[in-house]
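Enquirer: Below are the structure tokens for one structure; questions will follow.
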Amino acid sequence: MDKENPRLLTDNLRKDDENIIAQLYRSDDLSELILSIATNGYMDIEPLIVMLDEDDRKFIVLEGNRRLATIRLFREPDLVSRVQKRTPIDLPNISDEIIRTLDKVSVYRVHHRREALSFIGFKHINGPAKWNAYAKATFAAKWLKEEGLTIDKIANKIGDRHDTVKRMIVAIHVLEQAQQKNIYSLSDRKSSRFNFSHLYTALSRKDYRDYLGIGDDDIRNEPRENPVPDDHLKELKNILIWIYGSKESDIEALVKTHNPDIKKLGETLSSDHGLSILQAGGTLAEAYASTIPARSTFYSAILEARRHLQSAVSSLRGYDGSEKSYIDFAEEILEFAQILRERMKKKLEENSESEK
Numbered sequence: 000m001d002k003e004n005p006r007l008l009t010d011n012l013r014k015d016d017e018n019i020i021a022q023l024y025r026s027d028d029l030s031e032l033i034l035s036i037a038t039n040g041y042m043d044i045e046p047l048i049v050m051l052d053e054d055d056r057k058f059i060v061l062e063g064n065r066r067l068a069t070i071r072l073f074r075e076p077d078l079v080s081r082v083q084k085r086t087p088i089d090l091p092n093i094s095d096e097i098i099r100t101l102d103k104v105s106v107y108r109v110h111h112r113r114e115a116l117s118f119i120g121f122k123h124i125n126g127p128a129k130w131n132a133y134a135k136a137t138f139a140a141k142w143l144k145e146e147g148l149t150i151d152k153i154a155n156k157i158g159d160r161h162d163t164v165k166r167m168i169v170a171i172h173v174l175e176q177a178q179q180k181n182i183y184s185l186s187d188r189k190s191s192r193f194n195f196s197h198l199y200t201a202l203s204r205k206d207y208r209d210y211l212g213i214g215d216d217d218i219r220n221e222p223r224e225n226p227v228p229d230d231h232l233k234e235l236k237n238i239l240i241w242i243y244g245s246k247e248s249d250i251e252a253l254v255k256t257h258n259p260d261i262k263k264l265g266e267t268l269s270s271d272h273g274l275s276i277l278q279a280g281g282t283l284a285e286a287y288a289s290t291i292p293a294r295s296t297f298y299s300a301i302l303e304a305r306r307h308l309q310s311a312v313s314s315l316r317g318y319d320g321s322e323k324s325y326i327d328f329a330e331e332i333l334e335f336a337q338i339l340r341e342r343m344k345k346k347l348e349e350n351s352e353s354e355k
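And the structure:
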């Protein structure tokens with residue numbers, strides 16, 4: 000199995016074959032391929048791409064890890080048991096005839112990873128077996144680091160806009176930095192689903208970058224590794240926990256939906272009061288509400304109350320007089336309205352007097 004497979008999330012787990020297969024099963028529809036091979040056998044149409052590991056003299060599969068994982072699960076009962084300890088898998092029984100289709104598979108050998116990059120990139124970025132955004136970004140970051148390609152060339156190869164590719168690579172660098180500094184591991188996230196777009200969208204916003212100490216030059220120039228200054232690593236940990244949560248600390252993610260939570264969290268980061276609420280364990284709704292001026296909150300509440308009352312009046316025919324409690328509600332509303340009106344009139348008079 001290829002430990003550098005772009006599909007694999009950056010985390011602190013040891014990347015042995017069992018963990019790799021478990022992660023592929025959880026996140027990459029490996030179950031569909033297992034069912035297909037169990038039903039139809041292995042169709043040896045496209046070769047696996049392999050490279051010899053000079054250290055242990057074994058071949059690494061650079062392309063075709065899902066197929067390799069499926070073949071090994073059917074052929075190695077002990078491996079199934081080890082993977083089951085990491086994630087539950089459903090492996091159907093297969094006939095001897097199907098097993099025989101797994102005895103030999105075609106491979107295409109390359110001597111260096113770079114020889115396979117173009118083909119893998121075409122197949123999984125623009126071709127029929129497209130990767131998700133995280134895998135695509137990991138591959139793009141590898142192109143930038145190991146092949147020295149410019150962002151423009153990478154953008155052309157993967158079919159995305161220049162600024163999108165740059166944001167994705169910056170996000171990969173941020174995750175790698177968090178991993179290397181033992182600040183945060185993606186394996187600690189609360190949800191089994193990993194929304195990579197949350198992070199690269201957040202990093203496109205100035206309020207997040209300011210909070211993390213990422214300068215404008217880091218956005219204008221080619222992405223660099225370790226973009227977050229060392230004196231902002233605590234802030235980096237906060238951001239990743241607020242976006243993805245933490246199983247170890249039993250903290251739920253503040254970001255529930257991409258929109259509007261990424262925007263709300265970003266605006267809250269720019270408010271000392273809002274930030275203090277987040278750091279004290281408050282909800283995003285509480286922290287964000289504290290950033291809205293009282294004047295705006297008041298006017299919005301007045302207009303919203305007016306809209307609701309207009310709707311109630313227009314629907315009055317729906318009240319049949321059988322529920323007295325609704326009369327009591329109306330009395331409360333009237334009382335609130337009178338208190339509100341008197342206090343507003345008093346402030347208006349005080350304001351008029353001060354202007355004389």
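Just so you know, numbering that gives the first Met the number 0 puts 301 at position 302 of the sequence shown, and the rest follows in order with no gaps.
Here a beta-carbon is modelled for each residue, glycine too, at the ideal position from N, C-alpha and C.
All values derive from a computational prediction rather than experimental measurement.
1) Could you tell me which residues DSSP puts in a beta bridge with Lys57?
2) For Leu47 versus Val109, is the C-beta spacing smaller than 7 Å?
3) Looking only at DSSP bridge pairs, what is Ser245 linked to?
4) Helix, strand or coil, according to DSSP, for Leu47 in the structure here?
5) If distances are taken between C-alpha atoms only, which option among Leu268, Asp260, Ile153 comes closest to Tyr207?
6) Lys189 and Tyr243 look like a contact to me (Cβ under 8 Å); what is the Cβ gap, rounded to whole Å?
7) On a Cα-Cα basis, can you pick out the residue from Asn64, Leu29, Ile36, Ile276 that is closest to Pro5?
8) Please return the same chain residues whose Cβ sits closer than 6 Å to the Cβ of Ile36, not counting the five positions on each side in sequence.
9) What does the alpha-carbon distance come out to for the pair Gly214 and Arg56?
10) Would you kindly check if the distance between the Cβ of Gly212 and the Cβ of Pro222 is under 7 Å?
11) Once you ignore the five residues that flank His170 on each side, which residues in its own chain have a CB closer than 8 Å to its CB?
12) Is it the case that the Cβ atoms of Arg204 and Gly265 are separated by a distance below 7 Å?
13) Going along the chain, which unbroken runs of the alpha helix (DSSP H) with 4 or more residues stay wholly within the segment 87 to 174?
14) Any beta carbon from chain B within less than 7 Å of Ala329's own beta carbon?
15) For Leu274, tell me which candidate among Asn237, Glu303, Ile250 has the shortest Cα-Cα distance.
16) Is the segment 15 to 35 close to the segment 82 to 96, with three or more CB pairs under 8 Å?
17) Between the segment 90 to 99 and the segment 31 to 45, can you find at least three pairs of beta-carbon atoms closer than 8 Å?
18) Quick one: what does DSSP say Glu62 is sitting in, helix, strand or coil?
19) Measuring alpha carbon to alpha carbon, tell me which residue in Ser310, Arg166, Met50 is nearest Leu116.
20) Cα-Cα, which of Asp187, Ser351, Lys180, Ala21 is closest to Asp249?
21) Among Ser245, Tyr210, Val173, Met343, which residue has its Cα nearest to the Cα of Gly280?
22) Quick check on Glu62: buried or exposed, where buried means 16 or more other Cβ atoms within 10 Å of its Cβ?
23) Take Asp89 and list the residues in its own chain whose beta-carbon comes closer than 7 Å to its own, dropping the five residues that flank it on each side.
24) Hey, Leu283 and Lys263 are a contact pair by Cβ (cut 8 Å); roughly how many whole angstroms apart?
25) Hey, could you find the ends of the alpha helix (DSSP H) Val82 is sitting in?
Expert: So, to answer that:
1) Bridge partners of Lys57: Asp52.
2) No; because the gap between Cβ atoms is not below 7 Å, this pair is not in contact.
3) As computed with DSSP, Ser245 is found in a beta bridge with Ile250.
4) Of the three classes helix, strand and coil, the one that applies to Leu47 here is strand, per DSSP.
5) Checked all of Leu268, Asp260, Ile153; the closest Cα to Tyr207 is Leu268.
6) Lys189 to Tyr243, Cβ: 7 Å. Contact.
7) Pro5 has its Cα closest to that of Asn64, out of Asn64, Leu29, Ile36, Ile276.
8) Only Thr69 meet the Cβ criterion.
9) Rounded to whole angstroms, Gly214 to Arg56 spans 45 Å at the Cα level.
10) Cβ distance not < 7 Å, so Pro222 and Gly212 don't count as in contact.
11) Strictly speaking, residue 170 in this sequence is Ala, with His absent from that position. Hits under 8 Å: Ala136, Phe195, Leu198, Tyr199, Leu202.
12) A contact, by the Cβ cut-off of 7 Å.
13) Runs of the alpha helix (DSSP H) inside the segment 87 to 174: 95 to 99, 112 to 120, 132 to 141, 150 to 157.
14) Checking the listed chains, one finds no chain B in this structure; it contains a single protein chain.
15) Answer by Cα proximity: Asn237.
16) Counting Cβ pairs under 8 Å, three or more are found: they touch.
17) Put simply, the segment 31 to 45 touches the segment 90 to 99. At least three CB pairs are less than 8 Å apart.
18) Glu62: strand per DSSP, three-state reduction.
19) Of the listed residues, the one whose Cα sits closest to Leu116 is Met50.
20) Of the candidates Asp187, Ser351, Lys180, Ala21, the one whose C-alpha sits nearest the C-alpha of Asp249 is Asp187.
21) The candidate whose alpha carbon is nearest that of Gly280 is Ser245.
22) Buried is the call here.
23) Hits under 7 Å: Ser30.
24) Leu283 to Lys263, Cβ: 6 Å. Contact.
25) Judged by DSSP secondary structure, Val82 falls within the alpha helix (DSSP H) whose first and last residues are 76 to 83.
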